[in-house]
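Reading through the structure tokens given below for one structure.
Numbering (the working numbering), first residue to last: 195 to 534.
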């Protein structure tokens with residue numbers, strides 16, 4: 195599917211909240227399955243499986259039932275990122291155990307690979323993971339300051355990047371994403387920027403700089419790219435997600451606008467003390483994002499933000515109309531936006 199020439203950006207409204215404390219505590223990533231089933235990875239090592247409609251009165255049924263903390267097979271210490279493939283196999287990176295673990299969609303252990311080191315195929319605090327256009331796994335090898343490519347069963351294929359701040363260099367790369375053309379986007383955590391590469395690791399361009407203004411970044415974590423080529427960055431240190439166009443131009447930011455999830459409403463209605471405390475609270479801060487660690491988008495234009503500090507996932511809906519070159523004027527030399 196080719197990208198649109200341009201877009202009429204009609205809006206990007208808040209849609210709903212998934213999860214609550216105990217069920218999605220400290221969420222670091224989300225994977226979107228078929229039939230609107232969602233897998234939410236917790237920093238504590240557990241994985242919750244949630245339906246889009248969590249209308250049931252018994253919220254206990256959604257408590258985490260997969261994973262857990264530990265060094266055994268199928269357990270995690272500091273999980274970071276999670277992917278779901280076409281067979282509904284879960285791939286999870288663990289920066290403390292320096293490995294990738296594969297689980298079935300019901301949490302059964304399949305396999306693991308990875309060992310600590312700096313040689314080809316070895317890992318040191320792996321974080322972001324993404325499938326490339328050939329179905330291989332790209333890994334942000336954070337403390338080795340590089341990206342490595344593996345087959346799905348862990349065979350080393352290639353690597354690129356060294357430590358530094360120049361083009362193509364990294365200082366603790368974190369998030370990683372691949373677009374429809376096969377190009378690779380890497381959030382360069384300590385350099386406060388996003389770098390774009392070809393599928394073979396050739397540097398293409400970068401954007402972002404340190405700060406809190408529009409388009410500036412403070413420890414960018416997860417990164418995602420949608421079918422239109424728009425780039426989403428979990429700007430963790432600034433408690434927000436930022437949206438950039440395919441050329442890296444700042445478009446808008448999301449600071450959080452959450453309401454209670456259905457399961458949280460059921461819980462509060464059954465517990466008088468938390469209900470009273472919420473009734474007495476200033477609710478404005480409760481809506482906002484706190485330390486989002488990743489961002490995911492699906493083919494329906496929905497953006498999922500694991501809201502790490504608030505134990506939930508916030509969901510937004512992209513509203514945009516693709517345009518052809520004969521529907522929109524050419525770019526003016528001195529653009530000024532007028533709105534009615």
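From the three backbone atoms N, C-alpha and C, an ideal C-beta is built for every residue, glycine too. What you are looking at is a predicted structure, and each value in this text was computed from that prediction instead of being measured.
Are the CB atoms of residue i and residue j nearer to each other than 8 Å?
{"i": "residue 399", "j": "residue 377", "result": "no"}
{"i": "residue 430", "j": "residue 403", "result": "no"}
{"i": "residue 455", "j": "residue 283", "result": "no"}
{"i": "residue 511", "j": "residue 487", "result": "no"}
{"i": "residue 421", "j": "residue 375", "result": "no"}
{"i": "residue 227", "j": "residue 240", "result": "no"}
{"i": "residue 257", "j": "residue 216", "result": "yes"}
{"i": "residue 415", "j": "residue 385", "result": "no"}
{"i": "residue 297", "j": "residue 268", "result": "yes"}
{"i": "residue 200", "j": "residue 522", "result": "yes"}
{"i": "residue 332", "j": "residue 341", "result": "yes"}
{"i": "residue 308", "j": "residue 354", "result": "no"}
{"i": "residue 475", "j": "residue 393", "result": "no"}
{"i": "residue 469", "j": "residue 463", "result": "yes"}
Residue i lies in the beta strand (DSSP E); which residues open and close that run?
{"i": "residue 332", "result": "331-335"}
{"i": "residue 494", "result": "Neither: residue 494 is in no beta strand (DSSP E) and is coded neither H nor E."}
{"i": "residue 460", "result": "Where residue 460 is concerned, there is no enclosing beta strand (DSSP E), although the alpha helix (DSSP H) it sits in stretches over 456-463."}
{"i": "residue 149", "result": "The displayed coordinates of the chain run from 195 to 534. Any statement about residue 149 would go beyond what the structure contains."}
{"i": "residue 199", "result": "Neither: residue 199 is in no beta strand (DSSP E) and is coded neither H nor E."}
{"i": "residue 516", "result": "513-517"}
{"i": "residue 307", "result": "303-307"}
{"i": "residue 438", "result": "434-438"}
{"i": "residue 446", "result": "444-448"}
{"i": "residue 296", "result": "293-297"}
{"i": "residue 209", "result": "208-212"}
{"i": "residue 316", "result": "It is not in any beta strand (DSSP E) - residue 316 carries neither H nor E in the DSSP assignment."}
{"i": "residue 241", "result": "240-245"}
{"i": "residue 369", "result": "367-372"}
{"i": "residue 228", "result": "Residue 228 -> no beta strand (DSSP E), and no H or E assigned at all."}
{"i": "residue 349", "result": "Looking at the DSSP string, residue 349 is not in any beta strand (DSSP E), and its letter there is neither H nor E."}
{"i": "residue 414", "result": "414-419"}
{"i": "residue 426", "result": "425-429"}
Take residue i and list the residues in its own chain whose beta-carbon comes closer than 8 Å to its own, dropping the five residues that flank it on each side.
{"i": "residue 417", "result": "322, 369, 370, 371, 379, 380, 381, 388, 425, 426, 427, 428 and 489"}
{"i": "residue 337", "result": "318, 319 and 366"}
{"i": "residue 539", "result": "Here the chain has residues from 195 to 534 only, and residue 539 is not among them."}
If you compare alpha carbons, which of the options is closest to residue i?
{"i": "residue 506", "options": "242, 407, 302 and 278", "result": "242"}
{"i": "residue 348", "options": "496, 329 and 518", "result": "329"}
{"i": "residue 254", "options": "498, 494 and 461", "result": "461"}
{"i": "residue 238", "options": "290, 202, 201 and 352", "result": "290"}
{"i": "residue 275", "options": "227, 384, 475 and 222", "result": "222"}
{"i": "residue 443", "options": "408, 203 and 358", "result": "408"}
{"i": "residue 198", "options": "515, 207, 410 and 481", "result": "515"}
{"i": "residue 449", "options": "206, 334, 200 and 360", "result": "206"}
{"i": "residue 493", "options": "513, 476, 482 and 480", "result": "513"}
{"i": "residue 270", "options": "441, 468 and 235", "result": "235"}
{"i": "residue 357", "options": "346, 334, 345 and 344", "result": "334"}
{"i": "residue 299", "options": "279, 331, 308 and 316", "result": "279"}
{"i": "residue 218", "options": "524, 508 and 517", "result": "508"}
{"i": "residue 325", "options": "498, 345 and 339", "result": "345"}
{"i": "residue 301", "options": "266, 339 and 259", "result": "259"}
{"i": "residue 451", "options": "316, 481, 395 and 520", "result": "481"}
{"i": "residue 288", "options": "272, 477 and 474", "result": "272"}
{"i": "residue 233", "options": "266, 277, 247 and 204", "result": "277"}
{"i": "residue 208", "options": "517, 498 and 518", "result": "498"}
{"i": "residue 292", "options": "281, 471, 519 and 312", "result": "312"}
Here's a check: name, in chain order, each residue in its chain whose Cβ is nearer than 6 Å to the Cβ of residue i, leaving out the five neighbours to either side.
{"i": "residue 295", "result": "286 and 306"}
{"i": "residue 543", "result": "What is shown of the chain runs 195 to 534, which leaves residue 543 out entirely."}
{"i": "residue 436", "result": "427, 429 and 447"}
{"i": "residue 314", "result": "350"}
{"i": "residue 405", "result": "none"}
{"i": "residue 527", "result": "none"}
{"i": "residue 411", "result": "386, 402 and 429"}
{"i": "residue 316", "result": "309"}
{"i": "residue 343", "result": "330, 332, 351 and 352"}
{"i": "residue 364", "result": "339, 355 and 382"}
{"i": "residue 519", "result": "199"}
{"i": "residue 248", "result": "456 and 457"}
Can you list, in chain order, the residues of its chain with a C-beta nearer than 7 Å to that of residue i? Leave out the 5 residues immediately preceding and following it.
{"i": "residue 484", "result": "433, 501, 502, 503 and 504"}
{"i": "residue 453", "result": "211"}
{"i": "residue 245", "result": "230 and 231"}
{"i": "residue 361", "result": "397 and 400"}
{"i": "residue 419", "result": "371, 373, 379 and 425"}
{"i": "residue 439", "result": "424 and 445"}
{"i": "residue 517", "result": "198, 199, 200, 201 and 202"}
{"i": "residue 188", "result": "With the chain represented from 195 up to 534, any question about residue 188 goes unanswered, as that position is not in the structure."}
Going by DSSP, what residue range makes up the alpha helix (DSSP H) through residue i?
{"i": "residue 468", "result": "466-473"}
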